[in-house]
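A.B. asks: Chains as they are written, first to last, in the numbering used here: chain A, 1 to 333; chain B, 334 to 618. Handing you a structure now.
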Amino acid sequence: MRLFSPDDDVALSLALKKQKKLAWNLEKSILWKRGIDFSKPLVPLDEFNIMFPGPISPAQKLVISQFMGLLMAATFSETEKALGRLRTEAWESLMQNSATHPEIIQLGEQFFAEEDKHSRAFDRYIDLFAKGLGVDSAVLRSLLPSVNSGWIESRLRRNAEKGGLILWWIVATVEEESTMIFRQMIPFRKVLDPLYYELHKRHFEEEARHMPYAFMILDMCLDRGPFCYQSRMSLDFMRSEWLKMIWLAMELGKTLRVRQLKEIHPFFAELSALLGNFKMRHIPVILYRFLRRTPYISPFINAQYHEQLSQHLKTYHCPRLPLPSPQPDPIGW
Amino acid sequence: MEIIEKTLVGRGLKTAWLDGGKRGANILCFLHGFPDDAKVWLPLMQHFASDFRVIAPMIRGAGKSVSCRGLHRFTPDAIALDVLQILRQVDPSAKKNIILVGHDLGGILAWHIARLIEDRLRALVIINSADLIQVWRRKSMPRQILKSWYVFIMWLPLIPNILWRVAPHLLANIGYTSGGLPQEFTAAKRNTAILHQSMKQYRAFALEFLRKRLWRQTAALKVPVLAIHGKKDAFLLPATLAEFAGLALNIQLRVIDGNHWLQLEQTKKIYQLIETFLKDHKVAA
């Protein structure tokens with residue numbers, strides 16, 4: 001990945017022009033009219049169904065895939081929304097104290113505008129899915145991750161107010177993961193729901209263009225601050241790992257609510273039945289799988305999945321949690 | 334285009350400046366800092382000479398600008414009056430617009446003069462410098478205090494005078510080398526007479542600052558301001574946008590990879606930045 005250098009005003013200016021020129025339109029660039037094909041999966045799965053031992057029927061596999069797709073859509077949407085809510089603390093004050101060229105600020109404005117657009121696109125998909133199931137969107141969202149001005153967001157806000165970088169480490173992780181996810185989807189594009197695939201494709205296009213921004217912000221802060229600031233900030237990555245794991249545990253726990261919804265729609269009934277399979281795994285095994293092998297979840301927690309992130313951690317000597325090295329299972333359908 | 338040194342006698346003292354460029358065009362006025370003279374602007378002046386009238390005053394004690402005893406002709410107001418006299422000589426009708434470009438102490442002067450002639454001013458460009466209010470705001474920044482070690486020495490009575498007389502070349506070279514002045518210019522800057530004179534500016538500026546409490550907020554400038562800083566400036570920390578709060582309504586900050594004498598080290602880059610800035614703000618020649 002070619003990173004932005006905060007010192008190269010010419011390259012920043014070119015990047016800004018390119019981003020503005022190629023930005024897609026939420027209404028016109030995605031064929032929302034085609035609707036969701038509920039007979040198709042949203043994401044390919046690991047072939048061995050490591051989280052759900054025992055025989056899995058094709059219908060159950062479809063439900064798992066669709067639910068995973070919704071989990072991811074909600075995760076992207078919510079983190080991007082939270083980023084927008086924390087803009088003043090995490091970005092504006094940073095720009096006042098660190099921006100070295102006006103293009104850095106303009107790229108940031110473009111970045112936030114695009115993230116807002118992405119979150120609305122993913123939200124729209126979730127709403128369409130709920131509508132297709134014939135349930136209220138709020139019912140479906142009660143199972144999905146959210147960052148609703150709760151403890152996590154207040155923690156991020158306090159850190160950002162002190163000039164911390166937890167949020168930007170999380171953004172960098174999510175950016176890199178989103179491009180990784182799309183690349184995993186490409187070989188299976190013909191079997192996946194076309195609307196979901198198109199959504200991720202559009203998401204990927206802009207993420208690939210503006211992903212260097214998060215890394216540039218990290219460079220600006222970690223490269224330039226006084227030594228005591230750098231030392232303090234180098235611990236923020238580890239703090240971000242803790243927060244991500246706590247948030248993931250809290251939000252995945254919402255899935256248990258599906259038992260109360262099984263009467264509403266067969267989709268929920270199927271998911272509820274699958275929980276029994278899930279419970280066949282021991283908790284240490286579940287944790288181990290989450291940290292090391294589970295598609296879409298392990299890359300969110302484990303930085304070793306991500307090349308650029310790992311490189312940044314090495315460059316700035318940022319300590320990280322001693323997580324096991326990735327051992328991703330092959331993805332298929 | 335030819336740039337020549339001219340003089341006038343203003344308020345009893347001869348004042349000199351470099352003058353050239355396009356007659357009848359708007360005026361680009363370059364203000365040098367310590368321990369330079371106006372020749373530090375020559376490469377940049379050559380770039381702009383085809384489009385603007387370019388002038389660069391020699392601050393009191395530099396070039397043919399005669400010095401004097403005491404500090405009264407080295408205060409910001411006194412030097413501003415000298416510059417205004419030059420501007421009146423260059424443009425007697427006072428119809429031409431002015432763009433001020435200041436470096437180092439010349440940047441402080443440029444901020445000061447900008448507030449006096451805001452009706453004629455079209456843009457302000459500051460290179461490796463800061464307004465006195467910014468300097469005041471940095472008083473609690475240990476890294477800036479360390480970088481400004483030489484300022485504290487110059488405020489001492491007698492000692493700097495003795496040092497300049499005993500080892501002027503040594504001190505000058507320490508300054509030029511640590512400031513990253515390109516080698517080809519270092520040899521030319523052996524005129525150490527200017528060092529003693531321009532040192533008076535530091536004292537005069539500091540006394541005036543304290544006497545008139547110049548850190549009190551003045552109205553923000555409405556003209557567009559371009560501030561360019563070298564990332565590796567040995568004497569000044571790069572500015573931040575937050576520092577300009579209350580100083581200017583329209584500020585563009587650029588921090589580029591360079592040392593203290595950016596206009597010599599990266600003349601072409603500085604020219605491009607200023608030219609683009611003036612075009613973006615429709616400041617025509």
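We put the CB at the ideal spot given by N, CA and C, even for glycine. Just so you know, these numbers come straight off a predicted model, no measurement behind them.
(1) Measuring CA to CA, which of Glu251(A), Ser119(A), Met68(A) is closest to arginine 85(A)?
(2) Any contact between the region 490-498 of chain B and the region 570-587 of chain B? By contact I mean 3 or more CB pairs, one from each, below 8 Å.
(3) Buried or exposed for threonine 348(B), going by 16 or more other Cβ atoms inside 10 Å?
(4) Please report the straight-line C-alpha distance between asparagine 302(A) and methionine 180(A), rounded to a whole angstrom.
(5) Relative to the alpha-carbon of glutamate 153(A), which residue among Glu175(A), Ser240(A), Arg259(A), Met216(A) has its alpha-carbon at the smallest distance?
(6) Just the C-alpha distance for leucine 156(A) and tryptophan 169(A), rounded to the nearest angstrom, thanks.
(7) Under 8 Å between beta-carbons, which chain B residues line up against serine 98(A)? List them in chain order, please.
(8) Report the neighbours of proline 299(A) on chain B: residues whose CB is nearer than 9 Å to its CB, in chain order.
(9) Is the beta carbon of proline 409(B) sitting closer than 8 Å to the one on leucine 528(B)?
(10) Measuring only between beta-carbons, confirm whether methionine 216(A) sits less than 8 Å from chain B.
(11) Please report the residue range of the alpha helix (DSSP H) in which proline 284(A) lies.
(12) In the DSSP assignment, find the beta strand (DSSP E) that holds isoleucine 392(B) and state where it starts and stops.
(13) Residues of the region 6-20 of chain A in Cβ contact with chain B at a cutoff of 7 Å, in chain order, please.
(14) Quick one: Cα of leucine 364(B) to Cα of alanine 447(B), how far?
(15) Beta-carbon separation of leucine 199(A) and isoleucine 56(A) under 8 Å?
(16) Based on Cα-Cα distance, which residue from Arg453(B), Arg393(B), Gly508(B) lies nearest to tyrosine 483(B)?
(17) Short check: CB of leucine 71(A) to CB of phenylalanine 267(A), under 8 Å?
(18) Verify the CB distance criterion: does lysine 601(B) have a CB-CB separation below 8 Å to chain A?
(19) At a cut of 8 Å, does the region 285-296 of chain A reach the region 316-325 of chain A through at least three beta carbon pairs?
(20) Between glutamine 143(A) and the rest of its own chain, which residues show a CB-CB distance below 7 Å, the 5 nearest in sequence each way excluded?
(21) What number of angstroms, rounded off, separates the C-alpha of alanine 249(A) from the C-alpha of tryptophan 242(A)?
(22) Nearest-angstrom Cα distance between isoleucine 331(A) and threonine 294(A)?
(23) Name the chain B residues whose beta carbon is nearer than 9 Å to that of proline 102(A)?
(24) Out of curiosity, what's the CA-to-CA distance linking arginine 87(A) and glycine 163(A)?
(25) Should the region 453-463 of chain B be called in touch with the region 608-618 of chain B, which here means at least 3 C-beta pairs below 8 Å?
(26) Counting only beta-carbon separations shorter than 8 Å, does aspartate 590(B) have a partner in chain A?
C.D. replies: Taking the coordinates as given:
(1) As a position in the first sequence, residue 85(A) is number 85, starting the count at 1. Closest option to arginine 85(A), Cα to Cα, is Ser119(A).
(2) Verdict: no, contact absent.
(3) Here residue 348(B) is taken as the residue at index 15 of the second sequence, counted from 1. Counting the other CB atoms within 10 Å of its CB gives threonine 348(B) a total of 16 or more, which places it among the buried residues.
(4) As a first step, residue 302(A) is located in the first sequence; it is residue number 302 there, counting from the start. As a first step, residue 180(A) is located in the first sequence; it is residue number 180 there, counting from the start. Each residue's alpha carbon lies about 13 Å from the other.
(5) Counted from its first residue, the first sequence places residue 153(A) at position 153. Out of Glu175(A), Ser240(A), Arg259(A), Met216(A), Ser240(A) has the C-alpha closest to the C-alpha of glutamate 153(A).
(6) As a first step, residue 156(A) is located in the first sequence; it is residue number 156 there, counting from the start. As a first step, residue 169(A) is located in the first sequence; it is residue number 169 there, counting from the start. Straight-line Cα distance between these residues: approximately 11 Å.
(7) Walking along the first sequence from the start, residue 98(A) turns up at place 98. Near serine 98(A) (Cβ distances below 8 Å), the residues of chain B are Thr573.
(8) As a first step, residue 299(A) must be located in the first sequence, where it is residue number 299. Simply none; closest approach about 35 Å.
(9) Along the second sequence, read from residue 1 onward, the residue named residue 409(B) stands at position 76. Along the second sequence, read from residue 1 onward, the residue named residue 528(B) stands at position 195. Not in contact: proline 409(B) and leucine 528(B) (Cβ atoms no closer than 8 Å).
(10) Within the first sequence, residue 216(A) is the residue found at index 216, counting from 1. Interface with chain B (8 Å Cβ-Cβ cutoff): methionine 216(A) is excluded.
(11) By one-based count along the first sequence, residue 284(A) stands at place 284. Start and end: 283-292.
(12) The residue labelled residue 392(B) in the question sits at position 59 within the second sequence. Here isoleucine 392(B) belongs to no beta strand (DSSP E), and DSSP marks it neither H nor E.
(13) For the region 6-20 of chain A, which is checked against every Cβ of chain B, the residues closer than 7 Å are Asp7, Asp9.
(14) Reading the second sequence from its first residue, position 31 is the one you call residue 364(B). Reading the second sequence from its first residue, position 114 is the one you call residue 447(B). About 12 Å.
(15) Residue numbering aside, residue 199(A) sits at position 199 when the first sequence is read from its first letter. Residue numbering aside, residue 56(A) sits at position 56 when the first sequence is read from its first letter. No. Outside cutoff.
(16) As a first step, residue 483(B) must be located in the second sequence, where it is residue number 150. For tyrosine 483(B), the closest alpha carbon among the candidates Arg453(B), Arg393(B), Gly508(B) is that of Gly508(B).
(17) What you label residue 71(A) is simply residue 71 of the first sequence in a count that begins at 1. What you label residue 267(A) is simply residue 267 of the first sequence in a count that begins at 1. No, they are not a contact pair.
(18) Locating residue 601(B) in the second sequence gives position 268, counting from the first residue. Lysine 601(B) does not count as touching chain A.
(19) As far as the Cβ criterion goes, the region 285-296 of chain A touches the region 316-325 of chain A, which means the pair count is three or higher.
(20) On the first sequence, position 143 is the one that residue 143(A) refers to. Position check: residue 143(A) holds leucine in this sequence, whereas glutamine was assumed. Cβ neighbours of leucine 143(A) beyond the five flanking positions: Lys254, Thr255, Arg257, Val258.
(21) Position 249 of the first sequence, counting from 1, holds the residue named residue 249(A). Position 242 of the first sequence, counting from 1, holds the residue named residue 242(A). Here the alpha carbons of tryptophan 242(A) and alanine 249(A) stand approximately 11 Å from one another.
(22) What you label residue 331(A) is simply residue 331 of the first sequence in a count that begins at 1. What you label residue 294(A) is simply residue 294 of the first sequence in a count that begins at 1. Approximately 10 Å, taken between the alpha carbons.
(23) Locating residue 102(A) in the first sequence gives position 102, where the first residue counts as 1. Per Cβ cutoff of 9 Å: Gln585, Leu586, Arg587.
(24) In the first sequence, residue 87(A) corresponds to position 87, counting from 1. In the first sequence, residue 163(A) corresponds to position 163, counting from 1. C-alpha separation (whole angstroms): 12 Å.
(25) Taking a contact to require three or more Cβ pairs closer than 8 Å, the region 453-463 of chain B and the region 608-618 of chain B qualify as touching.
(26) Within the second sequence, residue 590(B) is the residue found at index 257, counting from 1. Judged by the 8 Å Cβ criterion, aspartate 590(B) is in contact with chain A.
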